[in-house]
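Here the structure is laid out as C-alpha cells; the discussion comes afterwards.
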Amino acid sequence: MNLNLDNKIIIVSGGTKGIGNAIAKILAEEKALPVIIGRNEIDNKNAIQEIIENGGKADYVTAELSQPDECKKAIEEVVKKYGKIDGIVNNAGVNDGVGLEKGSYEGFIESYHKNVVHYYLLVHHALP
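Heads up: the sequence shown runs through residues 1 to 128, numbered per the UniProt record's numbering.
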C-alpha cells in the first residue's frame, strides 16, 4: 500500500502499546516518521527501537499528557526538531474503569481530563 506518507512527521500519542503501537509501525512502513508521545521513556525507546530495527524511522517525546503544559512542550519539541507536523493520531488513554453504574461525576470529570482533554491540546498547539 502506498499512502504517500514519505517523510511526513506524524505524532502518535500512546504509541508504545496496542493500537497506537500498531499505527506507529504502519506509518513507518509507509515511510512516514512517527513521533510517539508517551509518559514512559523506557517504553518510548523500546517502541522506536523496534521500528528502527525493522528498517523504519521513528522518534519519541516523553510527556505526561494529562498535564496541559506538557502537551504544549511536546508539540514545541517536535516542531523545533522537524520544523513541521503533518498529522496527529490521538490514541493515548487510560482504562480507568469509570462507568455509569459505578462511577461518579467527579470520577467522570477526572477520567475525561485524563483521556480526552489532551486530544484537543495537542491539536490546538500544533496549529500553524
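All residues carry an ideal CB built from backbone N, CA and C; glycine is no exception.
If you're wondering where the values come from, they're calculated on a predicted model, not measured in any experiment.
Close Cβ partners of G20 (< 6 Å) along its chain, the five nearest in sequence each way excluded: These residues qualify, in order along the chain: V12, G14 and N91.
Thinking just about the alpha-carbon of each residue, which of L121, I23 and A28 is nearest to the one in G56? The shortest Cα separation from G56 among L121, I23 and A28 belongs to A28.
Does any residue of chain C bring its CB to less than 8 Å from the CB of V61? Protein chain content of the structure displayed is limited to a single chain, and chain C is not contained in it.
What did DSSP end up calling S104 once you bin it into helix, strand or coil? Secondary structure at S104: coil, using DSSP grouped into helix, strand and coil.
For L33, which of helix, strand or coil comes out of DSSP? The answer is strand: DSSP assigns L33 an E or B state.
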